[in-house]
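For any residue, its number in the working numbering is found by taking its place in the sequence shown, counting from 1, and adding 27.
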Amino acid sequence: MAGNSTICSFNVIITKNAANDNVPYFIDENPTPANKKWTKVENLSDEFNTDELDETKWKNTDPNKWIGRAPGLFKKNTVSQSEGSLKLTADILPSPEVVNGNTFTHAGSNITSINSIRVGHYFEARMKSSKTFMSSTFWLINDRNDASGCDKRTTELDIQECVGQITSTESWTADKDEEMGSNTHSRNTSCTTTPEGSVGDHVNIGGKAYDDYHVYAAWWKSATEIDFYLDGKKVYTVTPKAEFNLQMYLRLVVETYDWNPVPSDGGMTGSFEDRSTSYDWVRTWKLEDN
């Protein structure tokens with residue numbers, strides 16, 4: 028080819044919009060209704076940027092209420108904050124403890140919000156699971172004792188529940204270490220007219236839940252409709268068995284499951300980081316007029 032020619036090359040890098048603390052994390056499709064905006068609910072949100080748990084927002088274990096499911100006992104000393112994240116670190120107890128006739132061999136965590144919240148809000152957490160057989164979770168539940176009449180019942184909204192090591196041989200547990208697992212539960216009802224049961228869904232996250240942080244979220248849109256989001260994208264909608272219209276509390280919990288038993292080596296041979304469920308942040312949002 029006659030004459031001079033110039034060849035130019037360049038790289039194009041496409042990145043997702045990063046989550047920020049001014050708005051909920053949405054990608055591709057923003058579900059915010061027209062003429063509305065999201066406002067953060069500060070007393071149910073936390074960036075975990077201090078050295079200690081903010082006890083004006085969170086309660087670290089309540090021995091007078093839920094103490095854990097054997098063999099996992101909730102212990103305050105499993106909770107720490109460092110380098111901008113909350114860490115719930117599973118461990119083996121120095122010696123077994125017997126409580127109410129049950130033997131506990133492992134230590135877990137139970138962080139509960141001080142404040143409750145009702146239908147209509149959006150909840151999201153950027154978190155990474157541990158590598159242990161114990162759970163890594165983000166969910167909401169009501170206090171049955173707060174209500175009376177037919178409202179004296181339990182409603183539970185599980186946004187994310189997974190484990191880092193699968194010890195179960197049941198086929199339905201095969202992907203519990205690499206999925207977003209969500210559920211709604213209606214139980215402990217006081218009236219026969221209130222339906223009981225569970226409705227949930229799940230989606231693969233594209234790798235192990237402990238490999239990287241992901242944003243798990245749910246929009247408690249109405250008493251009969253809950254939209255779930257993974258990394259800013261809507262993945263499924265669930266209609267609970269009963270109306271979800273009672274105030275609920277946020278929960279960040281590491282516990283044992285009866286379907287995922289303790290492995291023969293005790294399951295706690297990994298490092299502090301390997302045994303820790305890490306929460307970069309938790310954010311709650313409400314809709315207001317724009």
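Ideal placement from N, C-alpha and C gives every residue a C-beta, glycine not left out.
Which residue's Cα is closest to the Cα of residue i: the options?
i: Ile94; options: Gly135, Phe75, Trp85; result: Gly135
i: Asp118; options: Ser112, Pro98, Val126; result: Pro98
i: Glu315; options: Ala46, Asn57, Val68; result: Val68
i: Glu56; options: Asp285, Val262, Ser303, Glu188; result: Val262
i: Asp78; options: Leu113, Asn70, Lys86, Trp85; result: Leu113
i: Ser198; options: Trp286, Ser291, Asp89, Ile54; result: Trp286
i: Leu277; options: Thr311, Thr59, Gly176, Pro267; result: Thr311
i: Ala174; options: Trp308, Ser140, Asn272; result: Asn272
i: Thr283; options: Asp238, Thr66, Gln192, Glu74; result: Gln192
i: Pro267; options: Trp308, Thr88, Glu223; result: Glu223
i: Ser107; options: Glu82, Thr194, Asp170; result: Glu82
i: Ser291; options: Ser195, Glu270, Asn231, Asn137; result: Ser195
i: Val265; options: Asp254, Asn70, Asp170; result: Asp254
i: Gln323; options: Ser213, Ser298, Thr304; result: Here the chain comprises residues numbered 28 to 317, so residue 323 is not present and cannot be evaluated.
i: Pro90; options: Tyr306, Ile54, Thr139; result: Thr139
i: Ser143; options: Ala46, Val281, Ala61, Lys84; result: Lys84
i: Asn172; options: Val289, Ser156, Val230, Lys92; result: Lys92
i: Tyr52; options: Lys260, Val289, Asp307; result: Lys260
i: Thr164; options: Asn70, His241, Asn127; result: His241
i: Ala245; options: Val281, Val309, Gly297, Gly234; result: Val309
i: Asn129; options: Ile168, Thr105, Arg96, Leu167; result: Arg96
Report the three-state DSSP secondary structure of residue i (helix, strand or coil).
i: Thr200; result: helix
i: Leu273; result: coil
i: Ser36; result: Note that Ser36 has pLDDT 44, beneath the 50 cutoff, so the model's placement of it is unreliable and no number is given.
i: Glu82; result: coil
i: Glu300; result: coil
i: Thr139; result: strand
i: Asp292; result: coil
i: Arg5; result: Given that the chain is displayed from residue 28 to residue 317, the structure contains no residue 5 and the question cannot be resolved.
i: Asn87; result: strand
i: Thr311; result: strand
i: Glu151; result: strand
i: Lys103; result: helix
i: Asp73; result: strand
Based on the DSSP output, what are the partners of residue i in its beta bridges?
i: His212; result: Glu183, Ser225
i: Cys189; result: Ser163
i: Ile119; result: His133
i: Gly128; result: Per DSSP, none; premise fails for Gly128.
i: Asn231; result: Glu206
i: Trp247; result: Ile253
i: Leu113; result: Gln108, Tyr306
i: Lys67; result: Trp312
i: Val50; result: Paired residues: none, contrary to the question.
Any beta carbon from chain C within less than 7 angstroms of residue i's own beta carbon?
i: Asn129; result: You won't find chain C in this structure, because it holds only one protein chain.
Can you give me the C-alpha to C-alpha distance between residue i and residue j, rounded to a whole angstrom?
i: Glu300; j: Glu205; result: 18 angstroms
i: Gly294; j: Thr159; result: 6 angstroms
i: Tyr243; j: Gly208; result: 10 angstroms
i: Leu115; j: Lys86; result: 13 angstroms
i: Thr211; j: Lys203; result: 17 angstroms
i: Val226; j: Asp185; result: 10 angstroms
i: Tyr256; j: Glu74; result: 20 angstroms
i: Met154; j: His133; result: 22 angstroms
i: Lys64; j: Asn317; result: 5 angstroms
i: Pro58; j: Val125; result: 49 angstroms
i: Asp258; j: Gly176; result: 39 angstroms
i: Ala236; j: Cys189; result: 8 angstroms
i: Asn49; j: Thr66; result: 8 angstroms
i: Asp238; j: Ala152; result: 16 angstroms
i: Asn137; j: Leu279; result: 6 angstroms
i: Phe101; j: Val230; result: 29 angstroms
i: Ala269; j: Ser122; result: 42 angstroms
i: Glu110; j: Leu80; result: 13 angstroms
Evaluate contact between the stretch 179-197 and the stretch 209-222, counting only Cβ atoms and requiring at least three cross-stretch pairs below 8 angstroms. yes
Assess contact between the stretch 245-260 and the stretch 147-167, defined as three or more Cβ pairs (one per stretch) separated by less than 8 angstroms. Is contact present? yes
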